[in-house]
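One structure is given here, and the rest of the page talks about it.
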Amino acid sequence: MEPWKGFSRRSIHAPFSSLIVLFFAWKALLLAVAFCSPGPGYDTSAQIIFGAPLDERAGLAQKLVRWDAIYYTSIATRGYTHEQEWAFGWGFTRLLAFLADYIPFTASKLLNVAYYGMIVANLSHLISVLVLYCIAIELPLCRKSRRTQFAFIAAVCQILSPAGLFLCAPYGEALFSLLSFLSLWMYTLSHTQGNEVPYTSQHDVYLVLSGICFGLSSTIRGNGIFSGIIYAYDAVLWGASLLERLGFPFLILILPSHIQKHVRLFQWRRLPATIVAGALVGIGFVVPQYIAYKEYCSEDLETRQPWCSKLPPSIYSWVQNHYWNVGFLKYWTVSNIPLFLLAAPMLYLLSRSALLAVTEKCSNHNLSTSQAKKASAKGRAETHQNAMLFRLALPQLLLVALALTTFHVQIITRLSSGYPLWCLIFARDIVNGPIAVQAPSKKKWWHLDAYQIANWTVRWMVMYALIQGALFASFLPPA
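Residues in the sequence shown are numbered from 56 upward in steps of one, following the numbering used here.
Next comes the structure, spelled out in structure tokens:
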């Protein structure tokens, strides 16, 4: 049975309401799995922080305050007291602390923090689904007649994200995803509308707004800084364009042909807003580091931490390496092979979608003849879309490379919720349908086309999210 057959066709007439209904149905299933998971789990950390006797209102919170959520809720409740806690997003913990302090609904600040963490996570996840729908409408990898269906399936992919219960619990991933998607939507609008009408200050506003959201996402998760590569790429395009205008086209000539098109497509007036947006991303990453530096590296302290003398003096890099064993090839041990295997499906999906975008094999073949002529008549519409997808691929490729070599690789399944490109490719493969085979009798079982891979992908996502959710609620790995 093909799980997508006819499903989106019944829902595209009211996509937002259909997505919201599906979202709450999926969340209800995940939370039911968590609530029915037996016992407190093998680790009693949640019981310790909630204390005894356990408040009856802490039932669901205790099931979802697991692993990193214990750090997030503890930090939001009493602030950063230990150096290793700076590995956990400053922006997210400050938001939870603010809500718990100024809009409390129980006498316990810890419970306020825990439940606000869940509210923020679930609300952010829902809005990110709707924003991804809007992104897909702006970047349709299909025929115009199927644009709504394509966007709907991409949004459903975000609902069924293998991040699963991590997008319900007091984790920063859901808020990070929302801010990243908002950034990319604003960035896309600054390009797509500018391709059809003269570039105006409105497009500058979109561009700066994208930088603000990326900057905020960098306060939630450190990998938000990766998105700055999009603005860096734009700056390189400007530099190459400048050299060409000055009569030094040597840089252009050594670039691949599709990147040469990007250079000629770049609008010079975008540069000031691009610089501002890129700076905002950097500021979002630096501000928490500066706050920690003021606390740990003051000249008045008798002893200064080793990272205070490094360049740059980043507490985030220090605690990840010193306390959490994050570093180049440090995770490459025999005991971690099962974690690499668990992460393999998502690493494949992220890598495949990014490479398709980088090599411009996402959308060209999906245009009908009439649409291709129309795109040609309008100018550079197709080139523009490919250029946008290329940019979306850059931070995703960087994430995959670091996950394979440096990060705790298993977290890629939840980090993937903040990168929309793979969902767009997934939706494209579903909408395009199966590829006809001339000799079905000779086709081997391992010869799967993109449509079949996409159908197996959705099965894997559902199974992984449910199984991992049960393990998470019981305080069992992977986390």
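Idealized CB from N, CA, C, for every residue including glycine. Note that the structure is predicted; figures quoted are calculated from it, not measured.
Contacting residues, own chain, Cβ-Cβ under 7 Å from residue i (five flanking each side not counted)
i, result
"Leu411", "Cys417, Ile480"
"Cys189", "Trp240"
"Ile182", "Leu233"
"Asp259", "Ala328"
"Ile288", "At residue 288 the sequence reads Tyr, which differs from the Ile that was named. Correct list, in chain order: Arg446, Leu449."
"Ser406", "Val455"
"Trp379", "Ala142"
"Trp81", "Ile214, Leu215"
"Gln465", "Leu394, Leu397, Ala398, Pro533"
"Met443", "Leu194, Thr243, His246"
"Arg202", "Ile192, Pro195"
"His313", "Glu415, Asn441"
Buried/exposed call for residue i, threshold 16 Cβ in 10 Å
i, result
"Glu415", "buried"
"Leu384", "exposed"
"Gly524", "buried"
"Trp323", "exposed"
"Trp501", "The predicted position of Trp501 is uncertain, since its pLDDT is 43 and thus under 50; a value taken from the coordinates is nonetheless stated next. Classification of Trp501: exposed, given that the 10 Å Cβ count is below 16."
"Cys91", "exposed"
"Met518", "exposed"
"Ala69", "exposed"
"Phe153", "exposed"
"Gln257", "exposed"
"Lys316", "buried"
"Val184", "buried"
"Gly114", "exposed"
"Leu151", "buried"
"Pro532", "exposed"
"Phe305", "exposed"
"Gly302", "exposed"
"Arg133", "exposed"
"Gly488", "exposed"
Own chain, CB closer than 6 Å to residue i, minus 5 neighbours either side, in chain order
i, result
"Phe221", "Glu228, Arg469"
"Ala224", "Leu119, Ala124"
"Trp515", "Pro400"
"Gly473", "Phe231, Ser232, Ser235"
"Leu404", "Trp477"
"Ser179", "Ala229, Leu230, Leu233"
"Phe527", "Arg121, Leu220"
"Glu299", "Ile307"
"Arg276", "Gly144, Gly227, Phe231"
First through last residue of the alpha helix (DSSP H) which encompasses residue i
i, result
"Lys316", "312-320"
"His377", "370-377"
"Pro70", "70-91"
"Ala409", "392-413"
"Ile508", "505-528"
"Thr274", "256-275"
"Val211", "202-214"
"Tyr288", "283-300"
"Val175", "164-193"
"Gly382", "Neither: Gly382 is in no alpha helix (DSSP H) and is coded neither H nor E."
"Asn487", "476-487"
"Phe221", "Where Phe221 is concerned, there is no enclosing alpha helix (DSSP H), given that its DSSP letter is neither H nor E."
"Ser129", "123-133"
"Gln344", "326-351"
Among the options, nearest to residue i - alpha-carbon criterion
i, options, result
"Ile214", "Tyr403, Ile67, Ile508, Leu74", "Leu74"
"Leu237", "Ser282, Ile208, Pro217", "Ser282"
"Asp504", "Arg483, Tyr519, Gln375", "Arg483"
"Leu77", "Gln139, Val211, Leu310, Tyr261", "Val211"
"Leu453", "Ile467, Leu521, Leu526", "Ile467"
"Ser129", "Tyr157, Ser163, Leu115, Gly114", "Ser163"
"Ile67", "Leu151, Tyr171, Asn376, Ile208", "Ile208"
"Leu86", "Ala520, Val331, Ala534", "Ala520"
"Trp145", "Tyr127, Leu297, Pro253", "Tyr127"
"Gly382", "Leu459, Ser265, Pro195", "Leu459"
"Thr255", "Pro217, Ile267, Arg325", "Arg325"
"Ala332", "Trp373, Val263, Leu196", "Val263"
"Thr274", "Ser471, Leu396, Leu457, Arg149", "Arg149"
"Gly270", "Val342, Arg202, Leu397", "Val342"
"Trp387", "Leu457, Ile267, Ile370", "Leu457"
"Ala347", "Gly294, Leu335, Cys363", "Cys363"
"Leu297", "Leu444, Val318, Ile174", "Val318"
Cβ neighbours of residue i in the same chain (closer than 8 Å, five flanking residues each side left out)
i, result
"Gln493", "Residue confidence is low: Gln493 scores 44 on pLDDT, short of 50, so the model does not pin down where it sits. Its coordinate-derived value is still stated next. There are no such residues."
"Glu193", "Trp240, Thr243, Leu244, Thr247"
"Val336", "Gly266, Phe269, Gly270, Ser273, Gly279, Ile280, Ser282, Gly283, Tyr286"
"Ile508", "Asp484"
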